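Written out below as structure tokens is the structure these notes cover.
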Amino acid sequence: MSSQILGNLNPGIMDLHPYEPGRSIDEVIEEYGHQEVTKLASNENPLGASPKALAFLDQRQSELHLYPDGNGTKLKQAIAHHESVDFNNIIIGNGSNEILELAARAFLNPEASSITSKHAFAVYKIVTKSSGAALIEVPTNNWGHALNEFPNYIEESTKVVFIANPNNPTGTYNTHQEVHQLLSIIPSSVLVVLDCAYFEYVTEKDYVKPIDLLKEFDNLLITKTFSKIHGLASVRVGYGIAHPSLVEVLNRIRQPFNVNSLAQALAVEAINDHQHIDNSITLNTQQNQFLHEQLTQLGLECIPSVGNFITFKGDFVGSDMFTKLMEKGVIVRSVDLYEMKDFLRVTIGTEADNLKFLEALKQLL
Numbered sequence: 199m200s201s202q203i204l205g206n207l208n209p210g211i212m213d214l215h216p217y218e219p220g221r222s223i224d225e226v227i228e229e230y231g232h233q234e235v236t237k238l239a240s241n242e243n244p245l246g247a248s249p250k251a252l253a254f255l256d257q258r259q260s261e262l263h264l265y266p267d268g269n270g271t272k273l274k275q276a277i278a279h280h281e282s283v284d285f286n287n288i289i290i291g292n293g294s295n296e297i298l299e300l301a302a303r304a305f306l307n308p309e310a311s312s313i314t315s316k317h318a319f320a321v322y323k324i325v326t327k328s329s330g331a332a333l334i335e336v337p338t339n340n341w342g343h344a345l346n347e348f349p350n351y352i353e354e355s356t357k358v359v360f361i362a363n364p365n366n367p368t369g370t371y372n373t374h375q376e377v378h379q380l381l382s383i384i385p386s387s388v389l390v391v392l393d394c395a396y397f398e399y400v401t402e403k404d405y406v407k408p409i410d411l412l413k414e415f416d417n418l419l420i421t422k423t424f425s426k427i428h429g430l431a432s433v434r435v436g437y438g439i440a441h442p443s444l445v446e447v448l449n450r451i452r453q454p455f456n457v458n459s460l461a462q463a464l465a466v467e468a469i470n471d472h473q474h475i476d477n478s479i480t481l482n483t484q485q486n487q488f489l490h491e492q493l494t495q496l497g498l499e500c501i502p503s504v505g506n507f508i509t510f511k512g513d514f515v516g517s518d519m520f521t522k523l524m525e526k527g528v529i530v531r532s533v534d535l536y537e538m539k540d541f542l543r544v545t546i547g548t549e550a551d552n553l554k555f556l557e558a559l560k561q562l563l
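Heads up, the sequence shown is in the working numbering, so the first residue is 199 and it goes up one at a time.
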């Protein structure tokens with residue numbers, strides 16, 4: 199490509215690398231010749247999609263030639279009921295990542311900066327840098343967000359604060375009191391994005407209550423996804439909850455028809471499938487404890503996780519062990535991108551999934 203064309207790029211993009219998702223089952227089968235592969239890389243729900251959503255799938259095929267509801271009316275109504283908020287508090291996105299990007303586009307520019315924690319979700323850097331803004335990373339406390347330190351890093355240029363709670367890839371969480379204290383201290387002109395992608399898996403009683411915070415702070419944007427506990431990662435649908443005036447601003451730059459008809463219809467069914475949600479939480483709670491115990495018995499250091507994944511450290515290079523596990527038909531996640539080269543992240547699967555992973559790992563240690 200012409201260097202003259204590249205010279206016109208937004209400078210922030212030059213500092214970025216394309217996001218590398220977890221390896222797919224198909225590509226690992228093709229590369230290694232396996233008959234069967236266990237994927238524990240992308241924090242997907244091992245129970246699959248909501249049965250109610252799957253049962254509803256065939257009913258939407260006759261409408262595939264029609265544009266989706268650009269306002270997402272039925273989905274927003276279902277979310278509003280589920281979250282006990284008003285319809286006008288909600289914006290829907292093509293995955294919650296789109297909501298993160300909309301927030302960055304709306305508030306960041308080359309003179310601005312955002313703040314997040316070191317070892318936080320990679321998309322915060324992508325959306326910040328692609329807006330031309332600077333990213334300020336706060337050192338972690340036991341691999342989690344040191345929210346008490348965030349105010350010390352706020353500059354005049356700071357427009358957005360990104361908090362993953364629970365945090366991916368470390369699985370740590372911040373309490374309601376910690377988040378409330380931060381919101382009470384930082385300027386009300388700074389947007390705080392509270393990314394709650396793994397919210398439903400958390401069972402700790404002191405975990406944050408996002409909707410309670412929203413009633414008190416109108417500079418808060420909560421993001422959630424249907425990709426995790428609801429098992430709809432393939433169709434890409436998420437949402438944000440915020441003050442109506444903030445939602446209205448984000449809707450100005452949201453693409454028309456950004457969430458397709460199937461995604462909207464399936465999400466409505468999934469958010470109302472309480473049995474599937476409960477089953478998913480129960481499985482994850484049981485297998486989280488089991489997997490943590492088994493990894494610890496192998497002499498590995500686990501970061502305590504409240505999500506549906508565990509990040510652990512051993513006497514190995516993470517990327518090397520990642521490849522060796524794929525050779526045995528198990529896909530996990532290297533976290534080199536997060537400057538955690540001695541760690542791997544594994545999704546908490548079914549008991550059978552976890553046993554296969556553990557057996558493969560034991561053979562390699």
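Glycine included, every Cβ here is placed at the ideal spot set by N, Cα and C.
Just so it is clear, the structure is predicted and the values come from calculations on it, not from any experiment.
task = Alpha carbon to alpha carbon, how far is Gln202 from Leu381? Give it in angstroms, no decimals.
result = As a working mapping, residue 381 is identified with position 183 in the sequence shown. As a working mapping, residue 202 is identified with position 4 in the sequence shown. Rounded to whole angstroms, the gap between the alpha carbons of Leu381 and Gln202 is 44 angstroms.
query = Taking the alpha carbon of Ala304 as the point to measure from, which residue in Phe285, Gly293, Ala320, Val325 has its own alpha carbon closest?
reply = Here residue 304 refers to the residue found at position 106 when the sequence shown is read from its first residue. Checking every option, the nearest Cα to that of Ala304 belongs to Val325.
ask   = Can you find a C-beta in chain D that's less than 8 angstroms from the C-beta of Leu419?
value = In the structure shown, chain D cannot be found, because there is only a single protein chain.
query = Which one or two residues does DSSP pair with Phe360 in a beta bridge?
reply = Reading the sequence shown from its first residue, position 162 is the one you call residue 360. The partner list for Phe360 (beta bridge, DSSP) reads Val391.
query = Should Leu418 and His378 be called a contact, given that it needs their Cβ atoms to be closer than 8 angstroms?
reply = Along the sequence shown, read from residue 1 onward, the residue named residue 418 stands at position 220. Along the sequence shown, read from residue 1 onward, the residue named residue 378 stands at position 180. Not a contact, by the Cβ cut-off of 8 angstroms.
query = What number of angstroms, rounded off, separates the C-alpha of Val358 from the C-alpha of Ser311?
reply = Position 160 of the sequence shown holds residue 358. Position 113 of the sequence shown holds residue 311. Answer to the nearest angstrom: the Cα atoms are 7 angstroms apart.
request  = Measure the Cβ-Cβ separation of Val504 and Tyr371 and say whether it is below 8 angstroms.
outcome  = Residue 504 sits at position 306 when you count from the first residue of the sequence shown. Residue 371 sits at position 173 when you count from the first residue of the sequence shown. A contact, by the Cβ cut-off of 8 angstroms.
key: Beta-bridge partners of Asn339, as assigned by DSSP   = Position 141 of the sequence shown, counting from 1, holds the residue named residue 339. Looking at the DSSP assignment, Asn339 forms a beta bridge with Gly342.
query = What does a CB cutoff of less than 6 angstroms around Glu354 pick up in its chain, not counting 5 residues either side in sequence?
reply = Along the sequence shown, read from residue 1 onward, the residue named residue 354 stands at position 156. Excluding sequence neighbours, Glu354 sits near nothing in its chain.
ask   = DSSP three-state call for Ala310: helix, strand or coil?
value = The residue labelled residue 310 in the question sits at position 112 within the sequence shown. Of the three classes helix, strand and coil, the one that applies to Ala310 here is coil, per DSSP.
task = Output the distance between the C-alpha atoms of Ile383 and Asn346, rounded to the nearest integer angstrom.
result = For the purposes of this step, residue 383 is taken as residue 185 along the sequence shown, with counting starting at 1. For the purposes of this step, residue 346 is taken as residue 148 along the sequence shown, with counting starting at 1. Inter-residue distance for Ile383 and Asn346 is about 10 angstroms (C-alpha atoms, whole angstroms).
inquiry  = Quick check for students: name the residue ranges of the beta strand (DSSP E) that lie wholly in the segment 481-510, counting only runs of 3 or more.
reply    = Segments of the beta strand (DSSP E) lying fully in the segment 481-510: 499-501.
ask   = Leaving out the 5 sequence neighbours to the left and right, which residues in its chain are closer than 6 angstroms to Leu535 when beta-carbon positions are compared?
value = As a position in the sequence shown, residue 535 is number 337, starting the count at 1. Excluding sequence neighbours, Leu535 sits near Ala320.
task = Can you give me the Cβ contacts of Tyr265 inside the same chain, cut-off strictly under 7 angstroms, excluding the 5 residues immediately before and after it?
result = Start at 1 with the first residue of the sequence shown, and residue 265 comes out as number 67. Within the same chain, Phe455 come within 7 angstroms of Tyr265 by CB-CB distance, once the 5 residues on both sides are set aside.
query = Looking at Val336 and Tyr351, is the spacing between their C-beta atoms short of 8 angstroms?
reply = If you number the sequence shown from 1, residue 351 lands on position 153. If you number the sequence shown from 1, residue 336 lands on position 138. In this structure, Val336 lies closer than 8 angstroms to Tyr351 by Cβ.
request  = Select from Leu444, Gln492, Gln259, Glu376 the residue whose C-alpha is nearest the C-alpha of Leu553.
outcome  = The residue labelled residue 553 in the question sits at position 355 within the sequence shown. Of all alpha-carbon atoms in Leu444, Gln492, Gln259, Glu376, the one lying nearest the alpha-carbon of Leu553 is that of Gln492.
query = Where Val391 and Gln484 are concerned, what is the direct C-alpha to C-alpha distance, given to the nearest angstrom?
reply = Here residue 391 refers to the residue found at position 193 of the sequence shown. Here residue 484 refers to the residue found at position 286 of the sequence shown. Their backbone Cα atoms lie some 30 angstroms apart in a straight line.
ask   = What's the gap between the Cα of Ile501 and the Cα of Arg221?
value = Against the sequence shown, residue 501 aligns to sequence position 303. Against the sequence shown, residue 221 aligns to sequence position 23. Ile501 and Arg221 have their C-alpha atoms roughly 23 angstroms apart.
ask   = Among residues of its own chain, excluding the 5 on either side of Pro308, which ones have a beta-carbon nearer than 7 angstroms to its beta-carbon?
value = If you number the sequence shown from 1, residue 308 lands on position 110. Closer than 7 angstroms at Cβ, skipping near neighbours: Gly330, Ala331.
query = Rounded to a whole number of angstroms, what is the C-alpha to C-alpha distance between Phe507 and Ala251?
reply = Locating residue 507 in the sequence shown gives position 309, where the first residue counts as 1. Locating residue 251 in the sequence shown gives position 53, where the first residue counts as 1. Whole-angstrom Cα-Cα distance: 24 angstroms.
inquiry  = For Pro367 and Val533, which I take to be in contact (beta-carbon distance under 8 angstroms), what is that distance rounded to the nearest angstrom?
reply    = Looking up residue 367 in the sequence shown gives position 169. Looking up residue 533 in the sequence shown gives position 335. Pro367 to Val533, Cβ: 5 angstroms. Contact.
Neighbour-count burial assignment, Lys274, 16 or more Cβ in a 10 Å radius = To locate residue 274, count along the sequence shown from 1; it is residue 76. Counting Cβ neighbours within 10 Å, Lys274 comes out buried, since at least 16 surround it.
ask   = Helix, strand or coil: which one does DSSP assign to Lys413?
value = In the sequence shown, counting from the first residue as 1, residue 413 sits at position 215. Correct three-state label for Lys413: coil.
Residues bridged to Lys407 (per DSSP) = Here residue 407 is taken as the residue at index 209 of the sequence shown, counted from 1. For Lys407, which the question treats as bridged, DSSP gives no partner whatsoever.
query = Can you tell me the Cα-Cα spacing of Phe285 and Lys526, whole angstroms?
reply = Within the sequence shown, numbered from 1, the residue matching residue 285 stands at position 87. Within the sequence shown, numbered from 1, the residue matching residue 526 stands at position 328. Straight-line Cα distance between these residues: approximately 48 angstroms.
request  = Return helix, strand or coil for Tyr437, following the three-state DSSP convention.
outcome  = Your numbering for residue 437 matches position 239 in the sequence shown. In this structure, Tyr437 counts as strand in the three-state DSSP scheme.
request  = Mind the definition here: the segment 539-548 touches the segment 432-441 only if three or more C-beta pairs lie below 8 angstroms; say whether that holds.
outcome  = Look at the beta carbons and you see the segment 539-548 not touching the segment 432-441: under three pairs across the two are nearer than 8 angstroms.
task = Pick helix, strand or coil for Lys560, following the three-state DSSP scheme.
result = One-based indexing of the sequence shown puts residue 560 at position 362. Lys560: helix per DSSP, three-state reduction.
ask   = Val457: which of Asn292, Ile277, Leu238, Asp256 sits nearest, CA to CA?
value = Stepping through the sequence shown from its first residue, residue 457 is reached at position 259. The shortest Cα separation from Val457 among Asn292, Ile277, Leu238, Asp256 belongs to Asn292.
Residue nearest to Asn243 in terms of C-alpha spacing, selected from Glu234, Lys522, Thr480 = Position 45 of the sequence shown, counted from the start, is the residue given in the question as residue 243. Nearest C-alpha to Asn243: Thr480.
Ala278 vs Val466 beta-carbon contact at 8 angstroms = Working through the sequence shown from its first residue, we reach residue 278 at position 80. Working through the sequence shown from its first residue, we reach residue 466 at position 268. No, they are not a contact pair.
request  = Go ahead and label Arg450 buried or exposed: buried means 16 or more other beta carbons lie within 10 angstroms of its beta carbon, across all protein chains shown.
outcome  = Counted from its first residue, the sequence shown places residue 450 at position 252. Counting Cβ neighbours within 10 Å, Arg450 comes out exposed, since fewer than 16 surround it.
message = If distances are taken between C-alpha atoms only, which option among Asp513, Ser478, Asn482, Gly512 comes closest to Pro249?
response = By 1-based counting over the sequence shown, the position of residue 249 is 51. The shortest C-alpha separation from Pro249 is found at Ser478.
query = Quick one: what's got a C-beta closer than 6 angstroms to Gly547's C-beta in the same chain, skipping five residues either side?
reply = Walking along the sequence shown from the start, residue 547 turns up at place 349. Hits under 6 angstroms: Leu238, Pro244.
request  = Taking Phe254 as part of the alpha helix (DSSP H), name the residues at either end of that continuous run.
outcome  = Here residue 254 is taken as the residue at index 56 of the sequence shown, counted from 1. First-last of the alpha helix (DSSP H) with Phe254: 249-254.
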